[in-house]
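Structure record follows, encoded as C-alpha cells.
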Amino acid sequence: MPWSLCSAPARSFAIKQQQQPHHTLRSPAARPTAAMAANGGEQAAAAADPQPTRPPPRVLSIQSHVVSGYVGNKCAVLPLQLLGFDVDPINSVQFSNHTGYPSWNGEVMSGEGLWRLVEGLEANGLVRHTHLLTGYIGSLSILQTVVRVAQKLREHNPDLVYVCDPVMGDDGRLYVRPDIPAAFRDLIVPLASIMTPNQYEAEQLTGLSIRSEEDALAACAQLHQRGPPTVVITSSDLPGWQDHVTILASTTLPQAGGSPQRLRLRVPRVHAYFTGTGDLFTALLLGWLHKRPGELKAALEAAVAGLQVVLRDTVDKCGAAAAAEERTAAVSSARELRLVQNAAGILSPPLGQFVAEPID
1 MPWSLCSAPA RSFAIKQQQQ PHHTLRSPAA RPTAAMAANG GEQAAAAADP QPTRPPPRVL
61 SIQSHVVSGY VGNKCAVLPL QLLGFDVDPI NSVQFSNHTG YPSWNGEVMS GEGLWRLVEG
121 LEANGLVRHT HLLTGYIGSL SILQTVVRVA QKLREHNPDL VYVCDPVMGD DGRLYVRPDI
181 PAAFRDLIVP LASIMTPNQY EAEQLTGLSI RSEEDALAAC AQLHQRGPPT VVITSSDLPG
241 WQDHVTILAS TTLPQAGGSP QRLRLRVPRV HAYFTGTGDL FTALLLGWLH KRPGELKAAL
301 EAAVAGLQVV LRDTVDKCGA AAAAEERTAA VSSARELRLV QNAAGILSPP LGQFVAEPID
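Note that UniProt numbering has the sequence shown beginning at 1, numbered continuously upward.
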C-alpha cells in the first residue's frame, strides 16, 4: 500500500532558509457603520447599530483521518477553526496512523456510509454549509457519493464553495485506483469552485504534459473551461528552478483593485518528506480566500506563510529525521507536523517572505 494512502501527497513545500523582514497578517476587525442623519441642514452622527449576528462559515470536510499524527482532517480542522470556521469532518478513511509508518490499522468508509451521514444531517436541519472541502478519496464509490453530497449541499445553499484537493499521486506515480483520475475529470471538475492539484495531478486531470510554466497555465485554462474558476497548482518542477518549488495560481474571478489573475510563488526546496502538507495548504487557502474575497494574491501568500511556519518548526524539532530515508515508526513520528504548537503562526502568519508575482 503506498505511503500516501491516507494523506495528501508530500507536496514539496520548502522552507525559507534566510530570515527577511516581515509583517504579520491579522484579520480585519469588524467596524460598525454609523447612520448619518440630517437635522436642520446639519449632519449628525446617529448611534451605530450593531451588525446583525451571522453564523460563522461552516465547512463539511470529507478527508482521511488518523488517530495519531496529522494528515487529512487532522490537518484541516484546527487551522480552519482558528480562522473562524465551524468544521464538520467526515472521515473517508480512519486509520491508527498514516501509511508512512511500518504498519497501520483501520477502516475505509463506503459511499453508502457517507450518504447515510449526510442524510442524518439533513433530517435534523444540519445541512447549512458554506463550503465543501474534499481531500483523499480512496474509492470510486465514495467519489461518486461526493458528487451527490455536493449537489445536496447546493440544494440548501446555491452559493456553496467546493474546494477540491484531487489527491491522486505525485512524482509520476498514482497511489489511487486507476479508475479514480477519470472520475475526478468527469464528475468532480465540473462541480468544483477551487482545485489544488500538484503538477502530476494537473496532468491527470487535463491529459496535458506539463514541462513549462506555459504548459501549467494551459492546464489551468482547460480546468477553468470545464469547471473551477480558481486553480492552484501547488507544486511544479520547472526547468531552471530545480532548487525551488513553484506554485502557480489562476482565477477567472475579478480581483480587488485590478490585482493579477495569474500568479507564481516560489519557495526554496527542502529535500525532506512530510505527510499532510497538501491537506494543510488547501485548508489554509480555503480559509484565507474566504477572509480575503477577490484577493487571490493575498490569500495565497497568507496560506504559504502559515504553512512555512509549521514546516520550519517541524524541521527544527525533528532534526536528522527530516532527511532520514529509513521508514521506521520513530522517524515517521518525528516528522509529524507541529500544528498545535504553531497555532499563532497559522492565525496570524508572517508576511513578506513569500511574495506572489503576477504573470503577464
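In this text, a Cβ means the ideal position worked out from N, Cα and C, and glycines have one as well. Please read all numbers here as calculations on a predicted model, not as lab measurements.
Check                                                                                                                        : Outcome
Counted within 10 angstroms of its Cβ, other Cβ atoms place glycine 111 as buried (16 or more) or exposed                    : buried
Nearest candidate by alpha-carbon position, reference arginine 185, set Val108, Phe95, Arg173, Leu205                        : Leu205
Strand pairing of isoleucine 233, partner residues [DSSP]                                                                    : Leu248
CA-to-CA distance, glycine 169 to proline 178, given in whole angstroms                                                      : 11 Å
For arginine 264, the nearest candidate out of His271, Ser139, Cys220, Ala76 (CA to CA)                                      : Cys220
Closest by C-alpha distance to glycine 306, when choosing among Arg269, Arg262, Leu351                                       : Leu351
The beta strand (DSSP E) enclosing phenylalanine 95, as first and last residue numbers                                       : 86-95
Under 9 Å between C-beta atoms of leucine 132 and valine 176                                                                 : no
Assigned secondary structure, aspartate 171 (DSSP; H/G/I helix, E/B strand, else coil)                                       : coil
Alpha-carbon spacing of leucine 238 relative to histidine 129, whole angstroms                                               : 38 Å
Beta-carbon gap between threonine 234 and arginine 266 smaller than 9 Å                                                      : no
Euclidean distance between Cα positions of serine 27 and leucine 347                                                         : Reliability of the predicted coordinates at serine 27 is poor, the pLDDT of 41 falling under 50, and no value is obtained from them.
Pairwise C-alpha distance: alanine 334 and glutamine 242                                                                     : 27 Å
Per-residue burial, threonine 314 [other beta carbons within 10 Å of its own, 16 or more giving buried]                      : buried
Residue nearest to glycine 287 in terms of C-alpha spacing, selected from Asp165, Pro79, Gln63                               : Pro79
Histidine 131 - partner residues in DSSP beta bridges                                                                        : Val59, Val161
Cβ contact (3+ pairs, closer than 8 Å) linking the region 133-151 and the region 101-115                                     : yes
Contiguous alpha helix (DSSP H) assignments of at least 4 residues, all confined to the region 319-358                       : 329-334, 343-347
Sheet register partners of isoleucine 194 (DSSP bridge)                                                                      : Val163, Thr230
Contact test: isoleucine 346 Cβ vs the ligand MG heavy atom, cutoff 8 Å                                                      : With respect to small molecules bound, the structure shown includes none, and the ligand MG cannot be examined in it.
C-beta atoms of valine 67 and serine 103 nearer than 9 Å                                                                     : no
Methionine 195 beta carbon less than 9 Å from that of threonine 230                                                          : yes
Residue from Leu284, Lys297, Ala356 whose Cα sits closest to the Cα of alanine 343                                           : Leu284
Own chain, CB closer than 8 Å to threonine 328, minus 5 neighbours either side, in chain order                               : Pro102
Valine 340 classed as buried or exposed, judged by whether at least 16 other C-beta atoms fall within 10 angstroms           : exposed
Chain B within 9 Å of glutamate 201, Cβ atoms only                                                                           : Structure shown: chain B not included; a single protein chain is present.
Burial state of threonine 251 (16 or more Cβ within 10 Å)                                                                    : buried
Test item: CB-CB of leucine 174 and proline 181 under 9 Å                                                                    : yes
Whether arginine 154 touches valine 189 by CB criterion (9 Å)                                                                : no
Residues of its chain near leucine 121, where Cβ-Cβ distance is below 7 Å and the 5 sequence neighbours each way are ignored : Val127
Cβ-Cβ distance between leucine 160 and isoleucine 359 below 9 Å                                                              : no
Residue range of the beta strand (DSSP E) that includes glutamate 107                                                        : 106-108
Alpha-carbon spacing of alanine 356 relative to proline 158, whole angstroms                                                 : 31 Å
Cβ-Cβ separation, tyrosine 136 to valine 167 (assumed contact under 8 Å), whole Å                                            : 4 Å
Straight-line gap, glutamine 151 to glutamate 119 (C-alpha atoms, nearest Å)                                                 : 13 Å
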